[in-house]
Structure formats: structure tokens, C-alpha cells
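Here is the structure we will look at, set down as C-alpha cells.
2 protein chains.
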Amino acid sequence: MADENVLRSIGVIARALDSIANIEFKQFDLTRGQYLYLVRVCEHPGIIQERLIEMIKVDRTSASRVIQKLEKNGFIMRQADEVNKKIKHIFPTDKGQRIYPQIKRENDYSTTVALQGLSSAQIKTVTQLLTKMSANVSADWEGVKKGQPRQY
Amino acid sequence: MADENVLRSIGVIARALDSIANIEFKQFDLTRGQYLYLVRVCEHPGIIQERLIEMIKVDRTSASRVIQKLEKNGFIMRQADEVNKKIKHIFPTDKGQRIYPQIKRENDYSTTVALQGLSSAQIKTVTQLLTKMSANVSADWEGVKKGQPRQY
DNA sequence: TGAATTATGTTGCAATTACAATATTATGCA
DNA sequence: TGCATAATATTGTAATTGCAACATAATTCA
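Those sequence lines, one after another, are chains H and W.
Going by this note's numbering, 109 is the number at position 109 of the first sequence; the sequence numbering is gapless.
Just add 152 to wherever you are in the second sequence, counting from 1, and you've got this note's numbering.
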């Protein structure tokens, strides 16, 4: 079944580029996994933890710890909501914002590498299809994380 | 830059489906990450660790430990090479082989979910493009893992 | 209106992961 | 032919990760 290679390729690309990014961001004092959160916080200042979790599909306990660490190390800061005592808004600090262009640059470079040899039309196609696939798996992830087994 | 969404979608799909798989394989006494190795060993009996590492793009120390654990728990067995004392061939045990159909079934189901709404032509296209992208990032991964910084 | 349920975030604990260093063996080269 | 280099795998260590349980607050519902 050739279709299975879709997910295998996705897994390989994700692991390879994640590993590369973690290694490359060590020079900015970002430890494993931190860049993933920091870049989203920079692009969505004021976001709350729950929205981040939904956006990037990570475990809530991992997110809690990474965000604590990013705050401790001065990359982000958290602000309580004025009305809703349950949520805290996350903002990048100056230090965090200064690193954002490097993360963008690395991400753009990795994208260039990954897309090498693809035409503009193919890039557009693969982008659209992956966006759809991402949306497709989203519901299953939420359900399984909430303890609802998938039936198959 | 819309192109950056390619890698973001890939990351989301990979994390979501990996998390789902780890949760679903707990019932087969497979712990986090183990299914990834076991399925490849079942499909490539006799493979050596180095080849597995290249195939799935994981850290060699992680691979060493996961394989040890899989052996300890009776899913695989290792055999020294007759000629080359440095390599060990990895085979699935009966126990390991019995779980293979379940891993395949889960993987097929996840593929079905991910590809929902895509036509056959689109599936073929995205498969081909992802295979190419996977090959594209492979060289960078090997270089960076060997300590060679990327220039950009 | 008050209890039940859901939402958001955190902590204890144990397992996993990866860096750095190490060990052993095979291969390359002068 | 012997030394240097590369290849394959492992271990010590510390950091990260996720399950299960927990805490607090908001929302739902009878």
C-alpha cells in the first residue's frame, strides 16, 4: 500500500527537521522543543496555553513545563487575564523577540531545503493538501487525548 | 510566506499521529516510540541498528536504548554477524510479529483519516512530493548530526 | 441557585531522549 | 604493514516528556 508512505515520509521529515532545529537553536540558549513554542508566541502575542496546545498538538503537561522554562529563562512573560482567572496570556519578552528572526530564518532555510526541486505549482499543491491533512487528524488527536478510543 | 506552512503542517500531523499511536499501542505493551522501530524491524528482518537510524532519522543513543528495551521485553532478538563483529542483525520474535498486523492496521487507519477528502490523483501527488522532500532533508540531517553546521 | 461537569493549568513520578564520552572493530592510506 | 580514520554500538548523565492525579475556576443544567 503506497499510501502508508505518506505518513512515513511525514514522520521522517518532521523528526529530521526537529532534530536539526534543536541543534541549531542551542546557540541561542533554546533547549529541546522550546523553539516550537517561542515562535508561536512571537507570532500570536497574548495567546493562552490551551490555544498553543491545540495549535501545535503537544501534551498539556509538556506545554506547561516548556512555558515555565521559557519564562524562567526570560524568553516570555505571562500575564493573568483581567476577567478570567483561569487563563494567562503569554507574551514574548524583548529577549524572546530578538531570537524570533533567527528562528524564522532557520525555518525558511529548512523549507527551502525540503522544497528543493519542486515547482511553484507543486509547492502550492502540497501546501494545500498538507493543510487539509492537518485538519483531518486534528479531531482524532483531540478525542484520543481525551480518552476516547478510535474505532477501527 | 505561505511555504512555511508546509513544515508546520508536517509537524502538526507528525506529532498528532505519533501521540495517538503511542496511546493506542499501550494495550500491546509497547511504550513510547517503540512501535516506530518494531514495525520497521518486522518489515526488514535482519536490519542493523545503523540502517534503522538512517531510515527513521532518530538519535543513535535513543535507538540503542529502544532496541535494548524491545529485546528485553521479548519483541525482537539480536544476532551477531558471522563476519563483521561490529554489527548485529535485528529480527522480530514471534511476539513481535504477532503485533505487526495491529500496528499496520492502526497505521492504515491513520492514513485513511489523514487522506480523507483527497482524490486518488491528489494522494499520488502528495505521496510523491513528500518522498522527494524526505530525501531532500536527509542529507542536512546527516550533516548536522555529524557536527557540520548548515550555512545560511 | 447550587451541584455537577468542563476547562485550564500544575505537580509527582517514572520513562524516554539526546549530548558527550567511550569502546571496539573495520577500513583506508602512506 | 602499521597507523590513522571512520564506523557501529554503548554508557553516564541530565534534561525532557507524558501519565495520572490534583487544584482552581468557569460553565452548564436541573
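We put the beta carbon where it would ideally sit given N, CA and C, even for glycine.
Measure the Cβ-Cβ separation of residue i and residue j and say whether it is below 8 angstroms.
i, j, result
"F91 (chain H)", "L38 (chain H)", "no"
"I103 (chain H)", "M285 (chain W)", "no"
"L130 (chain H)", "I162 (chain W)", "yes"
"D3 (chain H)", "I275 (chain W)", "yes"
Is residue i close to chain H, meaning its C-beta is less than 8 angstroms from at least one C-beta of that chain?
i, result
"Y304 (chain W)", "yes"
"K284 (chain W)", "yes"
"R257 (chain W)", "yes"
"V218 (chain W)", "no"
"A273 (chain W)", "no"
"G269 (chain W)", "yes"
"E206 (chain W)", "no"
"M279 (chain W)", "Correcting the residue identity first, residue 279 (chain W) is Thr in this sequence and not Met. By this cut-off, T279 (chain W) is an interface position."
"A266 (chain W)", "yes"
"I199 (chain W)", "no"
"N288 (chain W)", "yes"
"I172 (chain W)", "yes"
Measure from the C-beta of residue i to each C-beta in chain W and report whether the shortest distance is under 8 angstroms.
i, result
"Q97 (chain H)", "no"
"L70 (chain H)", "no"
"D81 (chain H)", "no"
"Y109 (chain H)", "yes"
"E43 (chain H)", "no"
"R51 (chain H)", "no"
"R15 (chain H)", "yes"
"I10 (chain H)", "yes"
"I23 (chain H)", "yes"
"L7 (chain H)", "yes"
"S62 (chain H)", "no"
"D140 (chain H)", "yes"
"K57 (chain H)", "yes"
"D3 (chain H)", "yes"
Sort the options by Cα distance to residue i and report the nearest one.
i, options, result
"D29 (chain H)", "H:Y100, H:L118, H:I87", "H:Y100"
"D292 (chain W)", "H:T131, H:I67, H:K88, H:L17", "H:L17"
"S262 (chain W)", "H:D59, H:P149, H:F25", "H:P149"
"R15 (chain H)", "H:R32, H:K26, H:D3, H:Q27", "H:R32"
"A173 (chain W)", "H:L7, H:R78, H:G117", "H:L7"
"Y304 (chain W)", "H:N84, H:K26, H:T112", "H:T112"
"G46 (chain H)", "H:A80, H:V58, H:V144, H:Q116", "H:A80"
Please check the pair residue i and residue j, which I expect to be a contact at CB under 8 angstroms, by giving their CB distance rounded to whole angstroms.
i, j, result
"N107 (chain H)", "A266 (chain W)", "Rounded, the Cβ-Cβ distance is 23 angstroms, inconsistent with contact."
"T277 (chain W)", "N5 (chain H)", "Not confirmed; about 13 angstroms, so no contact."
"A215 (chain W)", "I205 (chain W)", "5 angstroms"
"H307 (chain W)", "R257 (chain W)", "The question about residue 307 (chain W) has no answer, for chain W in this structure spans 153 to 304."
Here's a check: name, in chain order, each residue in its chain whose Cβ is nearer than 7 angstroms to the Cβ of residue i, leaving out the five neighbours to either side.
i, result
"Q249 (chain W)", "C194"
"I208 (chain W)", "L188, R192"
"L70 (chain H)", "Q34, Y37, L38, I76"
"K247 (chain W)", "G226, F227"
Excluding five sequence neighbours on each side, which residues of the same chain lie with their C-beta closer than 8 angstroms to the C-beta of residue i?
i, result
"R51 (chain H)", "H44"
"T93 (chain H)", "G74, F75, I76, M77"
"Q220 (chain W)", "none"
Residues in its own chain within less than 6 angstroms of residue i by CB, not counting five upstream and five downstream?
i, result
"R212 (chain W)", "I205"
"R65 (chain H)", "none"
"F234 (chain H)", "Residue 234 (chain H) lies beyond the range of chain H shown here (1 to 152); nothing can be said about it."
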